[in-house]
Amino acid sequence: MDPSASLTAPHAIRKMIREGDYSGPTIGFVPGFTQCNIIILPKEYAYDFLQFCHLNPDACSLMAYSHSPGAYTLESLGKDIDIRTDIPRYRVFKNGQLIEDVHDLSPIWQADLVTFALASYLSYDYALNCAGLKSSAINPLHGLPLYISTLPCKSAGIFSGFNVVSMRPFTPSDLVKAIQIGALNRSPHGLPVHFGEPKDIGIYDLNKPVFGEPIDINKKCMPVFWTSNMTAQLAITKIAPKLCIINSPEHLLVTDQQDVSLAIK
Numbered sequence: 005m006d007p008s009a010s011l012t013a014p015h016a017i018r019k020m021i022r023e024g025d026y027s028g029p030t031i032g033f034v035p036g037f038t039q040c041n042i043i044i045l046p047k048e049y050a051y052d053f054l055q056f057c058h059l060n061p062d063a064c065s066l067m068a069y070s071h072s073p074g075a076y077t078l079e080s081l082g083k084d085i086d087i088r089t090d091i092p093r094y095r096v097f098k099n100g101q102l103i104e105d106v107h108d109l110s111p112i113w114q115a116d117l118v119t120f121a122l123a124s125y126l127s128y129d130y131a132l133n134c135a136g137l138k139s140s141a142i143n144p145l146h147g148l149p150l151y152i153s154t155l156p157c158k159s160a161g162i163f164s165g166f167n168v169v170s171m172r173p174f175t176p177s178d179l180v181k182a183i184q185i186g187a188l189n190r191s192p193h194g195l196p197v198h199f200g201e202p203k204d205i206g207i208y209d210l211n212k213p214v215f216g217e218p219i220d221i222n223k224k225c226m227p228v229f230w231t232s233n234m235t236a237q238l239a240i241t242k243i244a245p246k247l248c249i250i251n252s253p254e255h256l257l258v259t260d261q262q263d264v265s266l267a268i269k
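In our numbering, the protein residues as written are 5 to 269.
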């Protein structure tokens with residue numbers, strides 16, 4: 005199904021996913037509504053991870069989390085949300101190893117699982133697009149290129165690591181506009197953490213992102229870097245928990261939260 009399809013209501017998209025009628029990427033669906041990456045961990049890891057998110061809010065933009073272990077609803081993001089079924093694809097890891105890729109978590113759901121919803125960069129992209137700063141170089145079916153930087157995170161309990169950053173190319177004048185948009189809007193990942201020389205933050209080859217696809221950079225543009233909530237996944241990978249469930253890349257939770265509600269009033 006083409007992301008430009010006419011489904012404009014988040015609950016309709018979730019229903020379609022829940023009923024098994026769609027299992028593809030969600031990028032491009034319902035612009036203006038927040039999409040979230042999902043991380044699900046057993047209770048024993050949950051407190052440290054919650055603290056990690058609070059200490060690294062730019063990279064780990066926490067929108068919601070389970071009200072109790074075993075709960076599979078996130079009512080603040082959508083009253084009908086069932087986290088077990090409302091994402092097109094999930095990845096299940098055990099002891100750091102990918103075990104399976106599934107469409108429905110119901111058969112393996114446990115009473116001790118805690119869900120965290122982290123807002124993606126798409127909210128900021130929507131704000132950029134509204135200001136006319138859409139990049140034609142970015143394939144809408146794929147995410148931004150991501151790199152592991154040397155910018156350290158703040159540690160929390162067992163979780164630590166370095167920031168994973170996304171890259172967008174901008175001309176100097178458009179970069180000024182992008183920074184202004186980020187400063188006037190609370191969209192997650194709205195302010196860049198670095199621009200200019202990539203090697204200054206430990207990135208030596210822009211053609212080799214760790215995740216995503218490389219973007220060609222026009223001679224008039226410079227690479228600009230923003231934090232990504234892949235930072236959280238990298239921190240989790242380091243400790244190899246006995247169980248971790250995440251959404252597959254580009255297969256996010258479509259919420260009823262409107263991006264405009266994040267704007268500073």
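Cβ coordinates follow ideal geometry from the N, Cα and C atoms, glycine included.
Pick helix, strand or coil for Gln262, following the three-state DSSP scheme.
-> Three-state DSSP puts Gln262 in a strand.
If you run the structure through DSSP and keep just helix, strand and coil, what is Asn189?
-> Here Asn189 sits in strand by DSSP.
With 16 as the cutoff for other CB atoms within 10 Å, does Asp25 come out buried or exposed?
-> Under this definition Asp25 is an exposed residue.
Ala13 classed as buried or exposed, judged by whether at least 16 other C-beta atoms fall within 10 angstroms | Exposed, by the Cβ-count rule.
If you draw a straight line from the alpha carbon of Phe199 to that of Ala244, how long is it in whole angstroms?
-> In a straight line, the C-alpha of Phe199 is about 32 Å away from that of Ala244.
Could you give the DSSP three-state label for Gln237: helix, strand or coil?
-> In the structure shown, Gln237 falls within a helical segment according to DSSP collapsed to helix, strand and coil.
Contacts around Tyr49, its chain only, beta-carbon distance under 6 Å, and the 5 residues preceding and following it disregarded | Excluding sequence neighbours, Tyr49 sits near Pro245.
Asp25, DSSP secondary structure in three states | In the structure shown, Asp25 falls within a coil segment according to DSSP collapsed to helix, strand and coil.
Are the beta-carbon atoms of Glu254 and Ile85 separated by less than 7 Å?
-> No, they are not a contact pair.
Mind reading off the beta-carbon distance from Val169 to Phe229? Whole number of angstroms is fine, and I expect it under 8 Å.
-> Contact check for Val169 and Phe229: beta-carbon distance about 4 Å, within the 8 Å limit, so the pair qualifies.
Is it right to say Gly82 is buried, meaning 16 or more other beta carbons lie within 10 angstroms of its own, or is it exposed?
-> By the neighbour-count definition (other C-beta atoms within 10 Å, threshold 16), Gly82 is a buried residue.
Below 6 Å CB to CB, which residues in the same chain sit around Leu59 once its five sequence neighbours on both sides are set aside?
-> Excluding positions up to five away in sequence, the list reads Lys158 and Ala160.
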